[in-house]
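First the structure, in the form of structure tokens, and then the observations on it.
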Amino acid sequence: MQLNFKNGKFRIMQVSDPQDLQFVRPTMIRMLNAAYDSLKPDLIVLTGDNILGNHLCDARIGSKLVIKDKEGEAEAMRIAIDKLVSPIEERKIPFGMIYGNHDDRNRLTKEEQADFYRAYSCNLGLDDEESGDVATYNIPIYSEDGEKIKFNIWMMDSAWHDKEEDKCYELVKPQAIEWYKNKSKKLKEENGGEPVPSLMFQHIPMLETVELIEECAEGTPGSVKGPDNKYFKLKDGVKGVMGEYPCMVSEKTGQLEAMKECGDIKAVVFGHDHTNCFEGVVDGINFVQTACASFRCYGTKNKGVRIFDIDEATGNYETKFYNFHDLCGGGLYNELCYIWDADDMVKQKAGLIAGCAAGAIGIGVAIAKLLKK
């Protein structure tokens, strides 16, 4: 499937950390459907923790293990992926995906999981044998006439679960960096010696993200608690919000140096940190952090999707984050749906239940009094 610019524009939607199960939260799906229908992306990128892979065997309520074998876990995974991907497939929107730190924390390998995504006709990628990882690949975007690659999307795997060690590793492998450098050089040669402007997506933020934050006094507006009980905030000039100290890859593997050497990266885009949603510049490269879409896992009211609008003539982009209320509207109904479905609204949910119970008791008392008359 070839992607092309249309009237000089191309729109990419990033969905990060939907992180749900086969019992998907309906409010997240409603939010994503609203995003697909109102924002009309040309490409959707699912940037990791697409499923909550380490809880597929749990009961619907509670954490009791009810699935005991690989076959049952595979079926739960297939259903969880289908709940996320089938609305995209129904709309015939091309999509690509990468893994996060939760996707393969189970009995299935990444290759086996990739087959579930490959089953959809709108799936792109997952097919570069030279990259070293099934979810490390690129997606070219061609000119409107289809003759020339005008933009490129790098999809980089940054986390994997070692089944034997039962340990999650979080970094971009050196082999993937070398693959990127070689592929970028090839694209440059095919483009008359000019780098092909690109976005790079990966789940885990790079260590250089710390260049966007600074230590501050406790109580400083916008500050969060970090290592050694110190407090940090975004530096001046960094746009957005930081809801938690960045959780980054475990080590540097030459990625930033490679991007600077290749000269093609307009921005590197991350997920992983559910409450972080900001953008800043490190060594001339834009770093973009996108908040989660998940209603099952922790977060804030700022759950949603990010849009990148690419200009064919310049290779530049504009980006904007849309949250649940932007997409689904305000009002009591949506507020109640949000409270009921979002795990981070536990206190509000408890208050809602208590209020309904108190109201029911009050109605019962009133009816009893009327019956006595």
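Residue numbers (this note's numbering): 915 to 1287. Cβ coordinates follow ideal geometry from the N, Cα and C atoms, glycine included.
Can you tell me which of 968, 1019, 1123, 1028 puts its alpha carbon nearest to the alpha carbon of residue 1164?
-> If we check each option's Cα against that of residue 1164, 1123 comes out closest.
Mind reading off the beta-carbon distance from residue 1080 to residue 1017? Whole number of angstroms is fine, and I expect it under 8 Å.
-> That belief does not hold up - the Cβ atoms of residue 1080 and residue 1017 are roughly 16 Å apart, past 8 Å.
Specify, as a first and last residue, the run of the beta strand (DSSP E) that residue 1153 falls within.
-> DSSP places residue 1153 in the uninterrupted beta strand (DSSP E) bounded by 1153-1156.
Residue 999 - DSSP class collapsed to helix/strand/coil = Under the three-state reduction of DSSP, residue 999 is assigned to helix.
Rounded straight-line distance, which links the Cα of residue 1153 to that of residue 1074 = Answer to the nearest angstrom: the Cα atoms are 30 Å apart.
Candidates 1193, 1135, 1130: which alpha carbon is nearest residue 1141's?
-> For residue 1141, the nearest C-alpha among the options comes from 1130.
Could you say which of 1116, 979, 1106, 1234 lies nearest to residue 1052 if we only look at CA atoms?
-> Proximity to residue 1052 across 1116, 979, 1106, 1234 peaks at 1116, based on C-alpha coordinates.
Contacting residues, own chain, Cβ-Cβ under 8 Å from residue 1028 (five flanking each side not counted) | Same-chain partners within the cutoff: 1040, 1048, 1049.
Identity of the residue in 1177, 1144, 1270 nearest residue 1107 by Cα = Distance check between residue 1107 and each of 1177, 1144, 1270 places 1177 closest, using alpha-carbon atoms only.
Within its chain, find whatever has a CB closer than 6 Å to the CB of residue 936; leave out the 5 residues flanking it on each side and keep chain order.
-> A distance below 6 Å between beta-carbons, with the five flanking residues on each side excluded, links residue 936 to the following residues of its chain, in chain order: 990, 993, 994.
Under three-state DSSP, which class holds residue 1054?
-> In the three-state DSSP reduction, residue 1054 falls in the strand class (E or B).
Excluding sequence positions up to five away, which residues of its chain have a Cβ less than 8 Å from the Cβ of residue 1175?
-> Excluding positions up to five away in sequence, the list reads 1095.
Would you check whether the ligand ADP has a heavy atom nearer than 7 Å to the C-beta of residue 1170?
-> With respect to the ligand ADP, the structure offers nothing, as it holds no ligand at all.
Residue 1169 and residue 1091: beta carbons closer than 8 Å?
-> In this structure, residue 1091 lies closer than 8 Å to residue 1169 by Cβ.
Helix, strand or coil for residue 968, going by three-state DSSP, please let me know.
-> In the structure shown, residue 968 sits in a helix (DSSP, three-state: H, G or I).
Buried versus exposed, by CB contacts within 10 Å (16 or more), residue 1045 = Under this definition residue 1045 is a buried residue.
Distance, Cα to Cα, residue 1161 vs residue 978?
-> Going from the Cα of residue 1161 to the Cα of residue 978 covers about 29 Å.
Nearest-angstrom beta carbon gap, residue 1118 and residue 1072 [assumed within contact, 8 Å] | At roughly 4 Å, the Cβ-Cβ gap stays under 8 Å, so residue 1072 and residue 1118 are in contact.
Residue 925 versus residue 1260: straight-line alpha-carbon distance, rounded = Taking the straight line from one Cα to the other gives about 35 Å.
If you follow the alpha helix (DSSP H) that residue 941 is part of, which residue opens it and which one closes it?
-> Looking at the DSSP string, the run of the alpha helix (DSSP H) that includes residue 941 is 940-953.
Residue burial classification, residue 1256 (beta-carbon count within 10 angstroms, cutoff 16) = A residue is called buried when at least 16 other Cβ atoms come within 10 angstroms of its Cβ; residue 1256 meets this threshold and is buried.
For residue 1207 versus residue 932, is the C-beta distance shorter than 8 Å?
-> Closer than 8 Å, so yes.
So, helix, strand or coil for residue 1228, using DSSP?
-> Note: residue 1228 maps to coil in three-state DSSP.
Does the region 996-1010 come close enough to the region 1059-1066 to have 3 or more Cβ pairs within less than 8 Å?
-> No, the region 996-1010 does not touch the region 1059-1066.
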